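Residue numbers (this note's numbering), protein chains in the order written: chain A, 1 to 531; chain B, 532 to 1062.
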């Protein structure tokens, strides 16, 4: 007999969760099912979605309501004694239904992020979402203390998206064990690992892990692992931060990157059932899919189909490259998740990527600010900040990461912890300026004003004319002359993107000259005064 | 009757000059000829070359001997009474011949620069020439005082090539009159010029100079103009600096860019006759040929043919672009003279240009260090220095220029004068390191060592193995591991290209680690110890 537990109230775009007691014998992960149908009384919404086994005989079904008002739900499945997957076949009918009320969203809850205006994002309530991302691959698999440190850092920052993995990570500076594993079993003894030999333990990539003595049951998840990640997702959500979940990745010594198709599909379904109801979830199918030769394009497309079929909320979906971009024209790809493929050009390629794919361009990796030996992990704070502005003014979205050496080898890029760099401090100003864009989103000025002069951004919606954000990057003009028309007045602000000063320069008409300090990283914001 | 004046002695690769008195009536520039044949007694060399009219009834023929020993010469032409272009027809035979001795080259005289090892340069005596160029478009047309200032600056610098124009230049910050004009006549009154209206006075470019009242006789040169330039070429030569002569350019208000084909050819012939005997001359057919729509490709090819036919010494020849590279595969092009066509990549394109053209790649413009408003003229000293190292380590040759605002509006880029920037001070170190290359010239390591790690240079001659120059640019590794083989010993030097320090780090074998400061602009030089 199933006993249901649930709150009578949920907020719009919050998580409504029904908990049911069920059987724990056998392998509930593969043998048992639970499914809920959630319907609003006004008929605006009716969603059927799978639930999941959470261990100890506990089953859960989650739902993210999109409307305020009264809802009902009903469950089905063979999860409990007396249920066998068909409610009508139950020998003893159970009260597998209920009702609840969806109230208005709380402050700061704008709903899930959607693609808006072709190249940009907005929350479901229409508020533009200007992504300022960072990457901390396995911050959530560190100690409680470290996780608190990471949250403190995030709260001080302007980051509103963080990329991280569900599986643990094995790589240079990442040889420790995670706080938990996604499956029941035991890992290879990692005490034999050193900075010199760790590549031998890398699965996939053609390097077989001959020394591995991993013992996992890939059909039995460890619910505590996922429950912890959910806590982190929810806390991120409450901080206004999108959780860009990397579902698969190649940096593996445990064999999680080398499961069978059936095991993969089981994992994908479990992930979707657990996480999809969190409004701040984004799906990153992989970090560096092209470093996983064991997975074919057909595999990635199959995972994507699972997402498309099983995520009722259509969270943003993408897949991240190392060397070769995935075919981001695929219809399931909602936005491009780009790792720079050139040592010298990263954000500068936004224009052509926008044209090629006709989707939002997110530069999730434009190299890391830091000083490690690896080529991708040692640019300066100035250069990182430059790449952020360059991306933003080209109508794309930049991503941060930090790889500063320290005695504890706690690097933000993987572990979170404290931010040691200089660029992150500058992103609040950039975000503030991005939020001043008329309409939703910036784009490179199609009239090319600026030309070789860095980049000139205008609103994506060209009918919203009279707004220019010009970023000079490493160019250092001592002045610039402007002319738009003879009639209008324009207010001008000069922004020192590095020193974080914004100077009001007054109102101008006709041809006018703006004096600049002749230093790097300056921007000029020009707004027509509307009569 | 012709009276000849000449020295009885010349040095190898020096200028031997014969001066003859002749007629001054009519237009000697078009109506009179003088031609010399110079032959070494040992039969190694026999060159016939045209001379030129130098005004006031003076004719000159110049010759650059390439061998030591006894030489004879004979003249012909209708330059004098009693000569009519055919010595045998002279009514009174004249002593139109003589002899002289060519002695060993003086110190620092290595002969003219030639292409060497496909992608590089060497002086005729075999000494490698590692070009460190600068651009001062019309430095030689400034006041005597300014010219002396420029020479003082050059002497303090490592520059061994300077690009400059024979015609005066009209452009922003270049509205003044030159010290002299190449033709007899009078220019438009320049007192009407302002920073606002100067483009209206630009000839070519489709903007007709309706206000021009230039009056020139394009068939009568002003010898003083050319004589002064020769003095400058000779002084550069004596400073060890190549004179990269820009023969045509679009920045013109006098009409020198819009002469007829016949006038152009007269000019080209005059230039070659006067300048070719100076060993340090390079021919740059144009600065920004593609901004001269009034000249066709057929025109440029015709000028090139004049050079090929009339310059007996085969000085380096190229042609410089603004937006579109000239077809540098043309056989007369000895090396590529490149202006960067991308705001973000300049020297980084060396690899593909080397492959495309199979010739030395000279980046004569990679933007200017400075702070003027124009997009091409305001990078930092750090960025300029970075582009220099980046070019050098890719087996190409960088070019400098400076555009710092100052109250007098004397900008090195055009006027010469004092160097105000920071990059020029760093080039002596780069040149010193370039000169340590085994053999002639560096190339990008075909084994790709380095990869995304900046750039790794090895000797062009791959048989000279065991030498690596790795430049990290804006990357800031705190250490790098190296491994070449187990047997050899390698000495390592760490070069801070910006702070100009060179640290000997000792000798290493097998796998070894080099600690680095984690700052930008570092290089590592690794040399195998030969047993």
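Backbone N, C-alpha and C fix where the C-beta goes; we use that ideal spot for every residue, glycine too.
If you're wondering where the values come from, they're calculated on a predicted model, not measured in any experiment.
Identified DSSP bridge partners for residue i
i: residue 570 of chain B; result: B:577, B:603
i: residue 1058 of chain B; result: B:998, B:1022
i: residue 320 of chain A; result: A:337
i: residue 1045 of chain B; result: B:1011
i: residue 174 of chain A; result: A:171
i: residue 5 of chain A; result: A:19
i: residue 1027 of chain B; result: B:1032, B:1053
i: residue 532 of chain A; result: With chain A covering 1 to 531 only, the question about residue 532 of chain A has no answer from this structure.
i: residue 103 of chain A; result: A:11
i: residue 457 of chain A; result: A:444, A:469
i: residue 693 of chain B; result: B:665, B:774
i: residue 115 of chain A; result: A:121
Limits of the alpha helix (DSSP H) - the one that residue i falls within
i: residue 351 of chain A; result: 350 to 357
i: residue 835 of chain B; result: 828 to 841
i: residue 651 of chain B; result: Per DSSP, residue 651 of chain B belongs to no alpha helix (DSSP H); it is in the beta strand (DSSP E), 651 to 654.
i: residue 428 of chain A; result: 427 to 435
i: residue 924 of chain B; result: 912 to 924
Close-in-space but distant-in-sequence residues of the same chain around residue i (CB under 7 Å, 5 per side omitted)
i: residue 691 of chain B; result: 662, 663, 771, 772, 773
i: residue 882 of chain B; result: 925, 975
i: residue 56 of chain A; result: 24
i: residue 765 of chain B; result: 809
C-alpha gap between residue i and residue j, whole angstroms
i: residue 851 of chain B; j: residue 481 of chain A; result: 28 Å
i: residue 864 of chain B; j: residue 412 of chain A; result: 52 Å
i: residue 129 of chain A; j: residue 121 of chain A; result: 5 Å
i: residue 1021 of chain B; j: residue 227 of chain A; result: 54 Å
i: residue 50 of chain A; j: residue 33 of chain A; result: 8 Å
i: residue 361 of chain A; j: residue 348 of chain A; result: 12 Å
i: residue 776 of chain B; j: residue 745 of chain B; result: 25 Å
i: residue 510 of chain A; j: residue 528 of chain A; result: 12 Å
i: residue 327 of chain A; j: residue 175 of chain A; result: 32 Å
i: residue 957 of chain B; j: residue 1031 of chain B; result: 7 Å
i: residue 948 of chain B; j: residue 906 of chain B; result: 22 Å
i: residue 248 of chain A; j: residue 940 of chain B; result: 60 Å
i: residue 781 of chain B; j: residue 721 of chain B; result: 18 Å
i: residue 914 of chain B; j: residue 908 of chain B; result: 12 Å
i: residue 277 of chain A; j: residue 314 of chain A; result: 10 Å
i: residue 708 of chain B; j: residue 788 of chain B; result: 16 Å
i: residue 338 of chain A; j: residue 684 of chain B; result: 47 Å
i: residue 201 of chain A; j: residue 997 of chain B; result: 32 Å
i: residue 972 of chain B; j: residue 149 of chain A; result: 52 Å
Contact set for residue i: own chain, Cβ-Cβ below 8 Å, skip 5 residues either direction
i: residue 790 of chain B; result: 749, 798
i: residue 341 of chain A; result: 321, 323, 324, 325
i: residue 628 of chain B; result: 603, 604, 605, 606
Helix, strand or coil at residue i [DSSP, three-state]
i: residue 811 of chain B; result: coil
i: residue 620 of chain B; result: Any reading at residue 620 of chain B needs caution, since the residue's pLDDT is 45, under 50, leaving its predicted position unreliable; the model's value is listed next. Residue state, collapsed to three classes: helix.
i: residue 521 of chain A; result: coil
i: residue 419 of chain A; result: coil
i: residue 84 of chain A; result: Residue confidence is low: residue 84 of chain A scores 49 on pLDDT, short of 50, so the model does not pin down where it sits. No coordinate-derived value is stated.
i: residue 773 of chain B; result: strand
i: residue 199 of chain A; result: helix
i: residue 67 of chain A; result: coil
i: residue 53 of chain A; result: strand
i: residue 765 of chain B; result: helix
Residue i: first and last residue of the uninterrupted beta strand (DSSP E) it sits in
i: residue 216 of chain A; result: 215 to 221
i: residue 442 of chain A; result: 442 to 444
i: residue 1036 of chain B; result: 1032 to 1040
i: residue 857 of chain B; result: Premise fails: residue 857 of chain B is in no beta strand (DSSP E) and is neither H nor E.
Close beta carbons around residue i, own chain, < 6 Å, minus the five adjacent residues each side
i: residue 59 of chain A; result: 20, 22, 34, 51, 53, 79
i: residue 439 of chain A; result: 459, 461, 464
i: residue 520 of chain A; result: 474, 476
i: residue 497 of chain A; result: 389, 521, 523
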